[in-house]
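These protein sequence lines are chains A, B, C and D, in that order.
Here my numbering is used: the first residue of the first sequence is 968, the next is one more, and so on.
Here my numbering is used: the first residue of the second sequence is 968, the next is one more, and so on.
Here my numbering is used: the first residue of the third sequence is 968, the next is one more, and so on.
Here my numbering is used: the first residue of the fourth sequence is 968, the next is one more, and so on.
Protein chains: 4
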Amino acid sequence: MSDVIQADKLRLLIERIERLEEEKKGIADDVKDVYGEAKGQGYDVKTMRKVVALRKLDKHVRDEADAMMDIYRTALGLT
Amino acid sequence: MSDVIQADKLRLLIERIERLEEEKKGIADDVKDVYGEAKGQGYDVKTMRKVVALRKLDKHVRDEADAMMDIYRTALGLT
Amino acid sequence: MSDVIQADKLRLLIERIERLEEEKKGIADDVKDVYGEAKGQGYDVKTMRKVVALRKLDKHVRDEADAMMDIYRTALGLT
Amino acid sequence: MSDVIQADKLRLLIERIERLEEEKKGIADDVKDVYGEAKGQGYDVKTMRKVVALRKLDKHVRDEADAMMDIYRTALGLT
DNA sequence: ACAGAAATAAAAATGC
DNA sequence: GCATTTTTATTTCTGT
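The structure is reproduced here in structure tokens:
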């Protein structure tokens, strides 16, 4: 394949990445807006962030426990 | 307003944030996928990341320059 | 202060860091040895790593919960 | 050997690992402290990190060269 | 030995 | 402006 077409493929990949990164940034801004809204309604943002982090951590713990179960099952030949 | 409704509002805000965070994570995963695809096609991911970072920096520099131009224009009454 | 003495201070700081990094590497090697020893005694290393990770996660969750309590206390003016 | 004693051995291994991991974390924190101290004395931490990385690389290169020399020496019966 | 996953280290962004 | 948190990058580890 010619270098020109190769370069085009690379450019397309990079543009896809850049578009996704922009979307990601947009959503990050939305998150910030929601926190700002919450603050405007009198909620304590620091506490809210902690709540969100703690809920994520809980989910993570549950997922890990499930993974652990799978490992034990495999180790015991219970698949 | 009653505390119950207040708590509901808080819960809704937190759920909105969590949904946005999940979307964000989904997009971050998409980005990873595109890099993986690029790697599969023989591109060097580390270099690609540098390219993306450089282009972002360039864009930032250009945006700064544009903002500066606007300030001058306004200061000189050239809008 | 003269540049020479300044350079000496910098060198001392860097040497301290390098010594600490070496210690750290030594301990990381010790960890590897213990896993190797366990493997030699017939234990499944992958499962052991999961156990260690899960216990660390549990500790983290407890620490987070404590931090959460502090935040609530502060938010409610109960310090 | 009974399962009870086996479980004890496993527990001991895991506790040894956890103790080592804690030591490792302690040292990592010490490293952070030294960088903090350096910063407080006006040094540029980012640059210092680069210096440390470079010196590590140099050491690695020298060690490799030494190993190569040993190989040649042995091959030539010059031990 | 190498691909993929996980851990660690470094850099960047954010809030106070 | 500093310090803390998040994100990104690199290194390390494991299974094929």
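Where is the CB? At the ideal position from N, CA and C, for every residue including glycine.
Q: With Tyr1002 of chain A as the anchor, note down where its alpha helix (DSSP H) starts and where it stops.
A: 970 to 1007 is the extent of the alpha helix (DSSP H) around Tyr1002 of chain A.
Q | Minimum C-alpha distance to Val1019 of chain D - residue among C:Arg983, C:Val998, C:Glu1031 | A | From the listed residues C:Arg983, C:Val998, C:Glu1031, the smallest Cα separation to Val1019 of chain D is found for C:Arg983.
Q: Assuming Ala1005 of chain A contacts Val998 of chain A (C-beta within less than 8 Å), just tell me the rounded distance between them.
A: In fact, because the Cβ distance is near 11 Å, the residues do not count as touching under 8 Å.
Q. Taking the alpha-carbon positions, what's the Leu1021 of chain D to Val1028 of chain B distance?
A. Cα-Cα distance, rounded: 30 Å.
Q: Examine chain C for any beta-carbon lying closer than 8 Å to the beta-carbon of Glu990 of chain D, and answer yes or no.
A: At least one chain C Cβ lies under 8 Å of Glu990 of chain D.
Q: Classify Glu972 of chain D as buried or exposed, calling it buried when 16 or more other Cβ atoms lie within 10 Å of its own Cβ.
A: Note that residue 972 of chain D is Ile in the sequence shown, not Glu. Ile972 of chain D should be labelled exposed.
(Q) Give me the residue from A:Ala974, A:Arg986, A:Tyr1039, A:Lys1017 with the minimum Cα distance to Asp1033 of chain C. (A) Minimum Cα distance to Asp1033 of chain C is reached at A:Lys1017.
**Q.** Span of the alpha helix (DSSP H), counted from its first residue to its last, around Tyr1039 of chain D
**A.** Annotation for Tyr1039 of chain D: the continuous alpha helix (DSSP H) segment containing it runs 1012 to 1042.
Q | Proximity below 8 Å, CB of Lys991 of chain A to CB of Lys991 of chain B | A | Yes, they are a contact pair.
Q.
For Gly1003 of chain D and Asp996 of chain D, I'd like the C-alpha separation in whole angstroms.
A. Using only the alpha carbons, I get a separation of about 10 Å.
Q: Name, going along the chain, the residues of the segment 976 to 989 of chain C whose beta-carbon falls closer than 9 Å to a beta-carbon of chain D.
A: Residues passing the 9 Å Cβ filter: Lys976, Leu977, Leu980, Ile981, Arg983, Ile984, Glu985, Leu987, Glu988.
Q. Since Ala1005 of chain C meets chain D, which of its residues come closer than 7 Å, beta carbon to beta carbon?
A. Going along chain D in sequence order, the residues near Ala1005 of chain C (Cβ under 7 Å) are Leu980.
Q: Indicate whether at least one CB of chain D lies closer than 8 Å to the CB of Val1019 of chain C.
A: Cβ-Cβ to chain D under 8 Å: yes for Val1019 of chain C.
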